[in-house]
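Trainee: Could you have a look at this structure, given as structure tokens, before my questions?
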Amino acid sequence: MITKLIESLIYGALLGGTYAVIGIGMSLILGVMDVMNIAHGEFVLLGSYLAYYLLTSFGIDPLVSIIILAPIFVSLGYLLQRFGLSRPLKYSIEMFVITTLGISTILENVYLLIWSPMQRALVTNYSLWSYRLGWMSMPFVFIFNFFISIVVLLSLREFLRRTYLGMAVRASSEDWKMAQLMGINTDNIRALAFGLAFLTAGIAGILVGLTYPFSPPTGKSYMVIAFGVVVLGGLGSMVGTFVGGIIIGLVQVLTATFFNPAWQLFASYLVIFILLALRPKGVLGR
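Counting from 1 along the sequence shown, just add 11 to a position and that's the residue number in the numbering used here.
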């Protein structure tokens with residue numbers, strides 16, 4: 012019993028790192044634009060499917076595909092916001108949300124047409140590798156994904172803290188009207204934030220695709236995870252997002268281990284509800 016509990020805690024923590032990367036993009040968009048991107052889960056799934064395409068068509072390792080796809084993700088996100096979603100956002104928040112809901116529906120059906128409803132997976136030579144830790148055998152992809160997640164989160168944190176563009180993003184998230192008065196082109200900054208969110212979503216899709224199989228409806232699950240991570244961690248806190256991811260990972264793994272895997276989503280929502288009642292701003296939210 013104790014052994015199973017320890018294993019579940021480690022698995023949940025490792026999985027939570029990837030969940031944090033899923034949620035950080037949504038947190039960034041909420042912070043800068045004060046809106047929720049309903050298509051976020053489908054953007055995560057796009058990373059999984061593009062990595063799957065490169066793997067099956069050209070034999071490119073999913074980890075190498077991160078380097079190849081990263082500039083594509085940033086460009087797609089930037090262009091989508093700058094020339095597609097900027098007008099709905101200026102019209103109203105409701106119109107933006109409806110537009111992203113439409114994008115979500117379109118992408119899910121595109122995935123169905125191209126890859127069918129069948130489950131896919133990013134299967135590599137190291138998918139079956141494991142690391143022996145005492146009496147436990149930990150899958151290599153869980154450990155590797157966790158460290159990649161740490162690198163992604165720290166890199167984004169340093170970009171936002173150290174670079175001019177990053178500080179402009181932070182300034183816009185604090186007060187976009189004041190940022191405009193200071194000469195910051197908030198339209199470009201919002202597009203950049205959307206590009207960074209798309210990048211982290213795509214990377215998260217590749218990482219989670221190495222861990223679990225995926226299909227077109229899976230995007231909705233990723234959306235729920237992202238929402239839970241942001242709510243639990245609190246808006247505006249990188250560390251809070253990481254903590255939120257760990258909490259969701261632990262809740263899901265412990266529920267699957269000691270109760271029923273079908274209850275994972277219910278357990279996640281229950282924890283979110285309880286934490287919101289006790290601390291509405293999240294664990295480390297501003």
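The C-beta atom is built at its ideal place from N, Cα and C for all residues, glycine as well.
What you are looking at is a predicted structure, and each value in this text was computed from that prediction instead of being measured.
Are at least three pairs of beta-carbons, each pair with one atom in the stretch 213-220 and one in the stretch 41-48, less than 8 angstroms apart?
Mentor: no
Trainee: Determine the contact status of G230 and G52, defining contact as a CB-CB distance below 7 angstroms.
Mentor: yes
Trainee: For the stretch 169-186 against the stretch 109-117, are there 3 or more C-beta pairs whose distance is under 8 angstroms?
Mentor: no
Trainee: For R143, write down the residues that DSSP places opposite it in a beta bridge.
Mentor: S148
Trainee: Would you list the one or two residues that DSSP bridges to F225?
Mentor: R131
Trainee: For the alpha helix (DSSP H) that Y137 lies in, which residues bound it at each end?
Mentor: Looking at the DSSP string, Y137 is not in any alpha helix (DSSP H), and its letter there is neither H nor E.
Trainee: Give every residue of the same chain whose Cβ lies closer than 7 angstroms to the Cβ of Y89, excluding the five residues on either side of it in the sequence, and list them in chain order.
Mentor: A202, L203, F205, G206
Trainee: Got a sec? Which residues, its chain only, sit under 7 angstroms from G260 by beta carbon, not counting five neighbours each side?
Mentor: G23, A24, L26, G27, Y30, listed in sequence order.
Trainee: Can you grab the Cα-Cα spacing for the pair V282 / F69, in whole Å?
Mentor: Near 42 angstroms, if we compare the C-alpha coordinates of F69 and V282.
Trainee: When DSSP labels each residue in this structure, what does D198 get in the three-state scheme?
Mentor: helix
Trainee: Run the CB neighbour count on M234, radius 10 Å, all protein chains shown included, and call it buried at 16 or more, exposed below.
Mentor: buried
Trainee: Reducing DSSP to helix, strand and coil, say where A267 ends up.
Mentor: helix
Trainee: Could you name the residues of the same chain whose beta carbon sits closer than 8 angstroms to that of V85, not counting the 5 residues immediately before and after it, in chain order?
Mentor: G206, L207, F209, L210
Trainee: Please return the same chain residues whose Cβ sits closer than 6 angstroms to the Cβ of S59, not counting the five positions on each side in sequence.
Mentor: The beta carbon of S59 sits closer than 6 angstroms to those of G216, G220, F225, all from its chain and outside the five residues before and after it, given in chain order.
Trainee: In angstroms, rounded to a whole number, what distance separates the CA positions of I79 and A62?
Mentor: 10 angstroms
Trainee: CB T197 to CB S184, shorter than 7 angstroms?
Mentor: no
Trainee: Once DSSP output is grouped into helix, strand and coil, what is the label at A50?
Mentor: If DSSP states are grouped into helix, strand and coil, A50 belongs with coil.
Trainee: Using alpha carbons as the reference points, say which of L144, M37, V241 lies closest to I17.
Mentor: The option with the nearest alpha carbon to I17 is L144.
Trainee: Quick check: the Cα distance between Y137 and M147, rounded to an integer number of angstroms?
Mentor: 18 angstroms
Trainee: For V163, which residues of its own chain have a beta-carbon under 7 angstroms away from its beta-carbon, when the five flanking residues on both sides are left out?
Mentor: V32, T211, I214
Trainee: Is it right to say L192 is buried, meaning 16 or more other beta carbons lie within 10 angstroms of its own, or is it exposed?
Mentor: When all chains shown are included, L192 counts as exposed.
Trainee: Along the chain, where does the alpha helix (DSSP H) containing R290 start, and where does it finish?
Mentor: Where R290 is concerned, there is no enclosing alpha helix (DSSP H), given that its DSSP letter is neither H nor E.
Trainee: For A132, is the beta carbon positioned less than 6 angstroms from some heavy atom of the ligand SAH?
Mentor: The ligand content of the structure shown is nil, which means the ligand SAH is not present either.
Trainee: Going by DSSP, what residue range makes up the alpha helix (DSSP H) through G34?
Mentor: 13-44
Trainee: By DSSP, does I71 sit in helix, in strand, or in coil?
Mentor: Under the three-state reduction of DSSP output, I71 falls in the coil class, being neither helix nor strand.
Trainee: How about F151 and W140: do their beta carbons lie closer than 7 angstroms?
Mentor: yes
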